[in-house]
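Take a look at the structure below.
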Amino acid sequence: MSRYIARRLVAVIPVLIVVITVIFLMIHLIPGDPAAVMLGPNATADEVAKLRRAMGLDQPIYLQLLTFFARTLRGDLGNSYFLDRPVAQAVVERIEPTLLLTVYSLVVAVMIGVPAGIAAAARPNGLLDRAFMGSALLGVCVPNFWIALILIYFVAVQWHWLPAMGYAPLSSGVGKNLRYMILPALTLGFNQSALIARITRACMLDILQMDFIRTARAKGLPERAVIQWHAFRNALIPVVTVIGVTFAILIGGAIVTEVVFNIPGLGRLLISGILRRDYPVVQGAVLFITATYVAINLLVDLTYALIDPRVKHG
Amino acid sequence: MRTPFGRTSWRNVAYTAAAVAIAAGLLAPAEVAAQKPGGTLRIAILGEPPALDPHWTTATLTEIIANHYLEGLYTRDKNYQPIPMLADGHTVSADAKVYAIRLRHGVIFHNDKEMTSEDVVASLNRWLKVSTYGKALAPKVEAIRATDKYAIEIRLKEPSAVLIPNLAFENNFAAIYPKEVAEAAGDKPNTQFIGTGPFKIVERQPDRFIKMVRHDKYAARSEPASGWGGKKVAYVDTLMWIPTPDPVQRINAIESGEADFTFDATADAYGRLKDNPKVRTEITKPYYWLVMVFNQKKGLFADGTPSGQKMRQAVLAAIDQEPVTKAAVGRPEFYRLDGSISFKEEGKWWVDVPASTYNQKDKAKARRLLQEAGYTGQPIRYMTSQEYDWMYKFALVAKQQLEEVGMKVDLQVVDWATLVKQRNDPDKYDAFTTGIGAFADPTQSVVFSCAWPGWHCNPEADKLIDQMRRETVFEKRYALWKEAHKLFYEWVPVIRHGDIFGLSVMTTSVKGTAGMMRPFFWNVWLDK
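Quick mapping for you: the protein sequence lines, in order, are chains A and B. First residue of the first sequence? That's 804 in our numbering, and the numbers climb one at a time after it. First residue of the second sequence? That's 42 in our numbering, and the numbers climb one at a time after it.
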């Protein structure tokens, strides 16, 4: 197992190098100038050029890339142009909102998706199946920013039940934190529950056709026990895979949701960084998100062995 | 209660105190009972400011926030005219080259140190070295020195009428820091947020909030409040500046009670908001005039060739300002047509330009000028940005109008960061959109600047503006300003479209707002 993990970790290195290079080139090659944004609309061209020189942005792009690699290898992601702090600190400060939003959304997605998928599979083509799969189609099709705007308009603006935007850190209390996170988690989770529901249904239908299920029913097990203990347990591997992938997708989805709900997480950090061309922040945030994505995939692979004893890593 | 003057009651004392306050003109009678200290005012702002050092950037957001914790020697009153703030007053030598400025006594910085002339000299020297407006003024300044603990002297190389207006302007402003803070910052953005303002910064969490609390040792002026000046009272205990980049969410935040005040709201929401009994709206004037800035260095509109000027004149002839300006904001309450480079609200500097000059809408003339310029359908690269919705909208209508007279317009829609970079490169565009706000003195207007993107390098205009800077008699300066307007419409460095107005939105508990060009929150209280 440890050799497997080591091998996977080594394989991550080229992935990170490619990602860093691509994002560095993309953000530097698109037009835009952090110096001009920083100095404001009435700054003269000479002032902007002078600041660019001071920031090292007049250097050839390959030299800037090499400098960036050398710094990153030393564990230094540089300093934000705008936030008055090192990028690493800015990223660490944003982990909590993004992580909590992702976890809460995953809980919403799983709590809606898995039971819906199981219920749909238990009576294929029945009323429940059609209703759940219709909703799932809606969940896949409707963009989450639209769901967000509808929720904000009714729940926050019209009914004043929950805040329209913002974030309360966990240190201010779980209840307060949850108040701010319910709408974003519902927005993001509903969207992803559709995928989980469809995969769960498909896997359950496959398993329910198998001989051991027929045997279980033949020996007189109640249908509930057949589905819960025999079918669902065996359908878990693809479901866990899709939940793992969903977790990674949610980190990406959190970008839009954080912007709409004004949550100061990694997504908003990244978007603000792109808009104001805060190059070090964009590079640092993308590097962190990539590393997280890779780590989640590794964890998902390792989880297979726990769920299914037949799976061995070596 | 027994007093040296006989027996009196607490009620009499209260009446007397209120009467004194009213007599002193400090409070309007209706407000005596209304003003309430305390509470937290939450302001949804459009993003994180690039810095909190107004010497260092011309960004409007920096200007608005920094004005709460910093002050300059001068500021501007409700008619946008300079008035003393940290200065007590000044005298000018007969040759108008030496300004002796007296400082107020007992002004305390947020670090409990008293402001003296050495702080002022260090701050002004940094401002001259770092800020856009300071750098423009610096070549005219011979020396700044302290003449006393509470007095400084500014010696100029030539007479100047623009020194005090420059020191009073709230953008990129000549804020006074403690000497050690100004010196430590050098030409980098200052990160020690210490000033003399009515609020002090206590916490900054980028993209989450900037928290300010009342400066208890604030030394207020005694004159009635006027514009950015006069008596400032921090009624609210705390100001929370909350970056909220999404314009729809900023309004949602007010309606749902998550924030108390926002500005730069889109006019689209006005119809709905003005009927909401829980929300108050304020239309702020002046805001911006819409502008199409020509690249006068290279390309179709470049100076140095007769065709460049004719091309610019053709654009001016082709434009019908009403639909262009209306498209930007949609509602009649939010725009007006005007041809003056100074806003109407700036009073004495406003120039009455005939509509036939700034709103020609003469397609035949435009076609004739294009023909004379030898235009053969080359694409005009016109840059705009959707990040400022109004810019994109007016550019669309302008494009359509120019195409009607035979111009081929390549509208390039980019994000704001790209636009502000590319507008510094004369190879990248022929024209770009922006908005132009008010300046402390007409001579500061970027449309006459050879250093600002677009590069209006007209020796005749330079001479006029330079004369205006040196001339100290207002009547003569105004005559020169009118001349500058004539030149502006002949030379056409930019197309001046109409004025648009700003929209501030707040909960009904927010009281005492001044409705100036930029919001501020001293003298504002919460009636909750």
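Just so you know, even glycine gets a beta-carbon here, dropped at the ideal spot from N, CA and C.
Here T81/B is bridged, per DSSP, to T279/B. Taking 9 Å as the cut-off, the Cβ atoms of F1064/A and Q290/B count as close. When C-beta distances to chain B are compared with 7 Å, the residues of the stretch 812-845 of chain A below that value are P834, G835, D836, A839, V840, M841, L842, G843, P844, N845, in chain order. Selection A1021/A, V1062/A, S996/A, I1030/A evaluated against I1052/A yields S996/A as nearest (Cα-Cα).
Below the 7 Å Cβ cutoff, chain B contributes A458 as neighbours of R1080/A, in chain order. P123/B carries a strand assignment under DSSP once its states are collapsed to helix, strand and coil.
Contact between P78/B and W431/B does not hold, since the beta-carbon distance rounds to 38 Å and is not under 8 Å. Listed in chain order, the positions of the stretch 893-921 of chain A with a beta carbon within less than 9 Å of a beta carbon of chain B are A893, E896, R897. The count of Cβ pairs closer than 8 Å, one atom from the stretch 365-380 of chain B and one from the stretch 531-543 of chain B, reaches three, so the stretches are in contact.
Between the alpha carbons of T116/B and E199/B lies a gap of roughly 23 Å.
When DSSP assignments are scanned along the stretch 214-246 of chain B, the uninterrupted stretches of beta strand (DSSP E) that are 3 or more residues long and fall wholly within it turn out to be 240-246. When secondary structure is reduced to three states using DSSP, K190/B falls in the coil class, being assigned neither helix nor strand. Rounded to whole angstroms, the separation of the alpha carbons of S426/B and Y433/B is 6 Å. Within chain B, the residues whose beta carbon sits less than 7 Å from that of R1071/A are D248, listed in sequence order. Contact between Q508/B and L528/B does not hold, since the beta-carbon distance rounds to 12 Å and is not under 8 Å. A residue is called buried when at least 16 other Cβ atoms come within 10 angstroms of its Cβ; T132/B does not meet this threshold and is exposed. From the listed residues V332/B, L178/B, Q453/B, A458/B, the smallest Cα separation to I833/A is found for A458/B. A residue is called buried when at least 16 other Cβ atoms come within 10 angstroms of its Cβ; L828/A does not meet this threshold and is exposed. Contact of K517/B with chain A is not assigned, every C-beta pair being separated by 9 Å or more. Residue contact check for W330/B against chain A: no CB pair falls below 9 Å. DSSP places E428/B outside both helix and strand once states are collapsed to three, so it counts as coil. Following the DSSP letters along the chain, one finds H109/B inside the alpha helix (DSSP H) bounded by residues 101-110. Contact of L886/A with chain B by beta-carbon distance below 9 Å involves E89, P247, D248. The contact set of Q337/B on chain A, defined by CB atoms closer than 8 Å, is empty, because the minimum CB distance reaches about 13 Å. With contacts defined by Cβ atoms closer than 9 Å, V945/A and L986/A do not form a contacting pair. If you keep only unbroken beta strand (DSSP E) runs of at least 3 residues inside the stretch 318-385 of chain B, you get 320-335. Here the stretch 915-926 of chain A makes contact with the stretch 1000-1014 of chain A; the two share three or more CB pairs at distances below 8 Å.
For the C-beta of Q233/B, not a single chain A residue is nearer than 9 Å; the gap to the nearest is close to 11 Å.
Under the three-state reduction of DSSP, D160/B is assigned to helix. R1036/A has its alpha-carbon roughly 44 Å from the corresponding atom of T875/A.
Two segments are said to touch when three or more pairs of C-beta atoms, one from each, lie closer than 8 Å; by this definition the stretch 1082-1096 of chain A touches the stretch 1066-1073 of chain A.
DSSP places V535/B within a strand segment (E or B) once states are collapsed to three. Within chain B, the residues placing a beta-carbon under 8 Å from that of S1075/A are G88, E89, D248, P286, ordered along the chain.
The residue among A472/B, T554/B, K389/B, N499/B with its C-alpha nearest the C-alpha of V535/B is A472/B. Counting C-beta pairs closer than 8 Å gives fewer than three between the stretch 474-493 of chain B and the stretch 440-449 of chain B, which falls short of the contact rule. Between G1087/A and A893/A, the C-beta gap is smaller than 9 Å, which places the two residues in contact.
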